[in-house]
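Asks: The numbering used here runs 383 ahead of the 1-based position in the sequence shown. Take this structure first; my questions come after.
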Amino acid sequence: MDDSTPNNLDSKPPQKNACVSCARPCDFSLRVASVRSRKRPADEDIHARLHRYEELLRKNNIDFGPSDDWIHTTVKQQDDSSYTLQTAPSSTPSVPKNTNAQRNWWAELSEELKNPTEQLPPPRTHEDPPSVESSVPTSPETAALLFGMQRGSRYAKSHPLPGMIFKFWQFFLDYINPLIKVIHAPTMQREILKAMDNLQEVDKSLEVLLFSIYTIVVASISAADCLSMFACERAPLLAQFRNATQQALIDADFLRTAEFKVLQALLLFMLCDPNSEESFILSTVSVRLAERLGIVGKDNPELSFFENEMRLRAWWQIVFLDARAAMARPNVSTSVTAAEMDEVRLPYNVNDSELYPEMSGPPLENGRITDMVCCIMKYDAHRIMRQSKLFPAHARRWVDFEMSLSDKDKLIDLVDKVYQEKYVQHCDPKIPLHSLAIHLAKVGISRMIFRAHHPRNNPEHADPQESDLVFLHSVRLIEYDNSIRHTKFPQQLLRHLIAKTQLDALICVLTGLQQRTVGELVENAWKQIEIFYRDHISLVDETENTLYKAMGDLALKAWQTRASVVRLQTKPDFISRLLHKRNSQYAMTTGPHNTSIEFSEAPSIPKDQDYTAPASLVATPTERHPLDTPEVDWSFWDGLLADPGFGSYGQEILGYNFGP
C-alpha cells in the first residue's frame, strides 16, 4: 500500500457538506466505545475457544506442539497453587518457512487463553465462607485499616495445648458467659472438642471465635491468677492473644463475611476492654455489621428459632455496648435509638440447656432464675422504663427531659417492684450468679435514686431529708461496688453492666461525713471508704492528679471532723498515707525545717461563694491549706469529673466512666 493512500477504512469518500447531505445536526462530542464487562468463562467455554484457536493454527500450518524451538517460557510459581507465564526472546530463533510463523501467535492470544485458570473463580472451601455481595469493590485488606495488620499469618502454633484450651473454655463458661450470653455453651463446647483434634484445619470463623475466647479470659483475670492457671505472665499473654484475634478477624474478612461466629468474636473482642477507644469505634462498626447480616432485633422467618434467638441475644448486647459508649462521650448519639428498641422483644429467660439447633419453637418460661438473669434484668429495666407513660418517647437519660422528682420516684419504685417480684425473691444468695444478680439489682435501684436526688440535679430540694437520702444511697453504692469488685466475675464486664457513678458517690460520702460523726451508717461509711481506698491505691499515690488530690483533701477534712468528736485510737491506713503525701509535698515547697501538717493547724473551709477553683487546691510556699476544699461545689466537681485529661476514654477514672 502506497504511503500517500489515505488510511481510511470507510469505502465511501469523506463528505464535504456533511450537515447538508446528512440532514441532521452536527454532533462534535467524542464517541467513546463502550467497555464491555468481562465475564468469567466457564470451563466448557474456555475449552471451546482453545479448540477453535487450535483449528486456526492448523489451517495456517503453524506448529503448536510442545516443541520449544522458537519461543521460550519461564514459569514463576505463586503461593503453591497458581502461576503466571512470562515470555522471553529466544537466543537462537529459527525462522519457519511459512511467513505467518514470523508473528508471535502465542503473545497475541488473550489473557484468558494464556492463563485460563486465572480467569476462573477460586474453588470455595470450608475455610472460605460466602461473603455478602456488595456493589462497591472492597480491598481484601480493608479490615487491616482498623488493626494495622496484614493477611496471611498462620497461628496454629499460637493455640494453647488442648488441655489448656479446656481451661480457657471452663473459665469462660463459669464467669464470663453468664454476664454476656452471646455464646450457646453446649453447641460451642462440641465444636471446641472437635476442633482440638486438628487445630490447623479449623475453619476461619471458628478460629477467630476461639482466639477471642482466649483473649477475653486473659483480660478478665489478675496477673496472679494468670500465672497460677496458665503458667504465663499476664501482660505478654494478653498481647499475644489480642494480636492473634485481630489477625484472625482480618483473615476471616470480618467486614464482609456472612458468618455469625465472626460477629460473635468481634463482640467478645470489644468486651475485653469495653471502655477503650478501640471499642468505642468498633461498637458502631458492630452495629453496622449486624444490620448487614439482617440482625436488627426481629425474627427472620427463613431462620430457625434457635438462630433467631442467638442473634437476638447478640443484638441486645451490641446495642447495649454502643449505648454505653455513646453515654460516655458528650454529643455522641447511639447508632440505634431507644424508640427502635421498643419494638424489639426480650430474649427468652431460659438456660442454654433448653435451647438446641433443631428446636421448632420457643421453650416454656416459668418465672424461675436462669443463667440469663444478669443480662435479662438489665434489658428488662429498659423495657419497664420505656413502657411507662412517665418516660417520654424521645428520652434516653434523666437529663433528656423534664420530670418532677415525685414522678422519678414513681418510676424507680416501679422498676424496684418488678426486680423484687420477678428476680430477687427467687435468687439463692449462696449461688454466686444469684448473689451477683441481687447486688446488681441493688446497684441499679440505688444508682437511679442517687442520680434523681443528687443536689446538682435538684438544687431546689436541698433540705436535710434530701441530704440524708443522698448520703444513704452514696454509702450503699460504695458498699455494693466493693462487694461486686471482690467477686471472681470479670471486673471490666461488671463495670460494663452497671453505670459508673462510684467516684461521684464517694465525693458525696466524704462531703456528708464532714457533718456526720456518729451512728451506724457513719461507721459503715468509713469502713467502705477504707476498702475503696485500699483497692484503688492510685487515689493516694497519684499526687499530680487534681481530682484525686481534691478528693484526698475531702477525706482528710472529714477525718478531722470525726477525730474532733470521737476519741479514736488509730487512723485508717489511707488517712496516714494521705497525710504522709501532703507532708512530703509541703516539705518540698517550704523547706525541711517547717513543721508537718497536723489537723489542728488546718484552716477552715471557705464558703462556696468565696471559693475559686482550682487555685485553692495547689499549695504554694506561702500557703498551707492541704485541706482547703469547698464543702460542696458541684460545678467545681463536675468540671474535674468531665476533664478530658482524666482517662483516655469518656473521662475514665479508676476504670469507671461518668455519664450524666
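From the three backbone atoms N, C-alpha and C, an ideal C-beta is built for every residue, glycine too.
1. How would you write the range of the alpha helix (DSSP H) that residue 723 sits in, first residue to last?
2. Using a Cβ-Cβ cutoff of less than 7 angstroms, which residues in the same chain neighbour residue 716 once the five nearest sequence positions on both sides are dropped?
3. Which residue wins for smallest C-alpha separation from residue 705, given the options 743, 934, 833, 670?
4. Does residue 621 come out as helix, strand or coil in the three-state DSSP assignment?
5. Buried or exposed for residue 648, please, with buried defined as at least 16 other CB atoms from any protein chain shown within 10 angstroms of its CB.
6. Can you name, in chain order, every residue of its own chain whose Cβ lies under 8 angstroms from the Cβ of residue 790, other than the five neighbours on each side?
7. Quick one: using the 10 Å Cβ neighbour count with 16 as the cut-off for buried, is residue 545 buried or exposed?
8. Can the beta-carbon of residue 696 be found closer than 8 angstroms to that of residue 730?
9. Can you tell me whether residue 520 is helix, strand or coil according to DSSP?
10. Let's see if you can read the secondary structure: which residues bound the alpha helix (DSSP H) around residue 655?
11. What residue does the alpha helix (DSSP H) around residue 925 start on, and which one ends it?
12. Tell me the DSSP secondary structure of residue 569 in three-state form.
13. Please report the distance separating the alpha-carbon of residue 723 from that of residue 679.
14. Any idea if residue 822 is buried or exposed, counting beta-carbon neighbours within 10 angstroms, 16 or more meaning buried?
15. Beta-carbon within less than 8 angstroms of residue 995's beta-carbon, same chain only, minus the 5 sequence neighbours each way: which residues are those?
16. Determine, using beta-carbon pairs with one atom in the segment 741-750 and one in the segment 570-588, whether at least three such pairs fall under 8 angstroms.
17. Do the segment 620-629 and the segment 679-690 touch if we need at least three Cβ pairs shorter than 8 angstroms?
18. Measuring straight from C-alpha to C-alpha, what distance separates residue 637 and residue 809?
19. Do you know offhand how far residue 608's Cα is from residue 868's?
20. Please report the straight-line C-alpha distance between residue 814 and residue 871, rounded to a whole angstrom.
21. Report the CB separation of residue 700 from residue 632 in whole angstroms; it is logged as a contact under 8 angstroms.
22. In the DSSP assignment, find the unbroken alpha helix (DSSP H) run with residue 917 in it and report its ends.
23. Give the secondary structure of residue 765 by DSSP, where H, G and I count as helix, E and B as strand, and everything else as coil.
24. In chain order, what residues of the same chain have a beta carbon less than 7 angstroms from the beta carbon of residue 554, not counting five sequence neighbours either side?
25. CA-CA distance, residue 906 and residue 593?
26. Which residues bound the alpha helix (DSSP H) around residue 591?
27. Quick one: using the 10 Å Cβ neighbour count with 16 as the cut-off for buried, is residue 888 buried or exposed?
28. Check each candidate in 805, 575, 854 and name the one with the smallest Cα separation from residue 833.
29. If you reduce the DSSP assignment to three classes, tell me which class residue 645 lands in.
30. Would you grab the beta carbon distance between residue 904 and residue 945 for me? Rounded to a whole angstrom, and I think it's under 8 angstroms.
31. By DSSP, does residue 605 sit in helix, in strand, or in coil?
32. Considering Cα atoms alone, identify which of 558, 646, 617, 711 is closest to residue 588.
33. Tell me which residues share the same chain as residue 562 and place their Cβ nearer than 6 angstroms to its Cβ, disregarding the 5 neighbours each side in the sequence.
34. Mind checking whether residue 575 and residue 548 have CB atoms under 8 angstroms apart?
35. In the structure shown, what three-state DSSP assignment does residue 690 receive?
Replies: Quick look at the numbers:
1. The sequence position of residue 723 within the sequence shown is 340, counting from 1. Segment 721-724, the alpha helix (DSSP H) holding residue 723.
2. Here residue 716 corresponds to residue number 333 of the sequence shown, with the count starting at 1. Excluding sequence neighbours, residue 716 sits near 709.
3. As a first step, residue 705 must be located in the sequence shown, where it is residue number 322. With distances taken between Cα atoms, residue 705 lies closest to 670.
4. Working through the sequence shown from its first residue, we reach residue 621 at position 238. DSSP places residue 621 in helix when its eight states are reduced to three.
5. Here residue 648 refers to the residue found at position 265 of the sequence shown. So residue 648 counts as buried.
6. As a first step, residue 790 is located in the sequence shown; it is residue number 407 there, counting from the start. The beta carbon of residue 790 is closer than 8 angstroms to those of 773 in its chain, skipping five residues each way along the sequence.
7. Reading the sequence shown from its first residue, position 162 is the one you call residue 545. Counting Cβ neighbours within 10 Å, residue 545 comes out exposed, since fewer than 16 surround it.
8. Within the sequence shown, the letter at position 313 stands for residue 696. Within the sequence shown, the letter at position 347 stands for residue 730. Closer than 8 angstroms, so yes.
9. Along the sequence shown, one-based indexing puts residue 520 at 137. Only weak support is given to the placement of residue 520: the predicted model assigns it a pLDDT of 45, under 50, and the value that follows is read from those uncertain coordinates. The three-state secondary structure of residue 520, taken from DSSP, is coil.
10. On the sequence shown, residue 655 is found 272 positions in, with the first residue counted as 1. Taken as a continuous stretch (DSSP letters only), residue 655 belongs to no alpha helix (DSSP H), as it is neither H nor E.
11. Here the question's residue 925 lines up with position 542 in the sequence shown. Per DSSP, residue 925 lies in no alpha helix (DSSP H) segment and is marked neither H nor E.
12. Mapped onto the sequence shown, residue 569 falls at position 186. In the structure shown, the three-state DSSP call for residue 569 is helix.
13. As a first step, residue 723 must be located in the sequence shown, where it is residue number 340. As a first step, residue 679 must be located in the sequence shown, where it is residue number 296. Separation of residue 723 and residue 679 (C-alpha to C-alpha, rounded to the nearest whole angstrom) is 9 angstroms.
14. The residue labelled residue 822 in the question sits at position 439 within the sequence shown. That one is buried.
15. Within the sequence shown, residue 995 is the residue found at index 612, counting from 1. Bear in mind that a pLDDT of 34 at residue 995, under 50, signals an unreliable position, so the model cannot answer this.
16. When Cβ pairs closer than 8 angstroms are counted between the two stretches, the segment 741-750 is seen not to touch the segment 570-588, the count staying below three.
17. Judged by Cβ distances under 8 angstroms, the segment 620-629 makes no contact with the segment 679-690, as fewer than three pairs qualify.
18. Along the sequence shown, read from residue 1 onward, the residue named residue 637 stands at position 254. Along the sequence shown, read from residue 1 onward, the residue named residue 809 stands at position 426. Approximately 41 angstroms between the Cα atoms of the pair.
19. Position 225 of the sequence shown holds residue 608. Position 485 of the sequence shown holds residue 868. If you draw a straight line from the Cα of residue 608 to the Cα of residue 868, it comes to about 15 angstroms.
20. Counted from its first residue, the sequence shown places residue 814 at position 431. Counted from its first residue, the sequence shown places residue 871 at position 488. Distance from the CA of residue 814 to the CA of residue 871, rounded to the nearest whole angstrom, comes to 13 angstroms.
21. Position 317 of the sequence shown holds residue 700. Position 249 of the sequence shown holds residue 632. Under the criterion of beta carbons closer than 8 angstroms, residue 700 and residue 632 do not qualify as touching, at roughly 18 angstroms.
22. Start at 1 with the first residue of the sequence shown, and residue 917 comes out as number 534. Taken as a continuous stretch (DSSP letters only), the alpha helix (DSSP H) holding residue 917 covers 903-918.
23. Taking the sequence shown and counting its residues from 1, the one referred to as residue 765 is at position 382. In the three-state DSSP reduction, residue 765 falls in the helix class (H, G or I).
24. Locating residue 554 in the sequence shown gives position 171, counting from the first residue. Result list for residue 554: 600, in chain order.
25. Reading the sequence shown from its first residue, position 523 is the one you call residue 906. Reading the sequence shown from its first residue, position 210 is the one you call residue 593. Those two C-alpha atoms are separated by around 48 angstroms.
26. In the sequence shown, residue 591 corresponds to position 208, counting from 1. For residue 591, the enclosing alpha helix (DSSP H) covers residues 587-602.
27. For the purposes of this step, residue 888 is taken as residue 505 along the sequence shown, with counting starting at 1. Classification for residue 888: buried.
28. Looking up residue 833 in the sequence shown gives position 450. Ranking 805, 575, 854 by CA distance to the CA of residue 833 puts 854 first.
29. As a working mapping, residue 645 is identified with position 262 in the sequence shown. If DSSP states are grouped into helix, strand and coil, residue 645 belongs with the helices.
30. As a first step, residue 904 is located in the sequence shown; it is residue number 521 there, counting from the start. As a first step, residue 945 is located in the sequence shown; it is residue number 562 there, counting from the start. Actually they are not in contact, since the Cβ atoms of residue 904 and residue 945 sit about 13 angstroms apart, beyond 8 angstroms.
31. Residue 605 sits at position 222 when you count from the first residue of the sequence shown. In the structure shown, residue 605 sits in coil (DSSP, three-state: anything other than H, G, I, E or B).
32. If you number the sequence shown from 1, residue 588 lands on position 205. Selection 558, 646, 617, 711 evaluated against residue 588 yields 646 as nearest (Cα-Cα).
33. For this step, residue 562 is matched to residue 179 along the sequence shown. Excluding positions up to five away in sequence, the list reads 757, 876.
34. Position 192 of the sequence shown, counted from the first residue, corresponds to residue 575. Position 165 of the sequence shown, counted from the first residue, corresponds to residue 548. Yes, the Cβ-Cβ distance between residue 575 and residue 548 is below 8 angstroms.
35. Position 307 of the sequence shown, counted from the first residue, corresponds to residue 690. DSSP, read as helix, strand or coil, puts residue 690 in helix.
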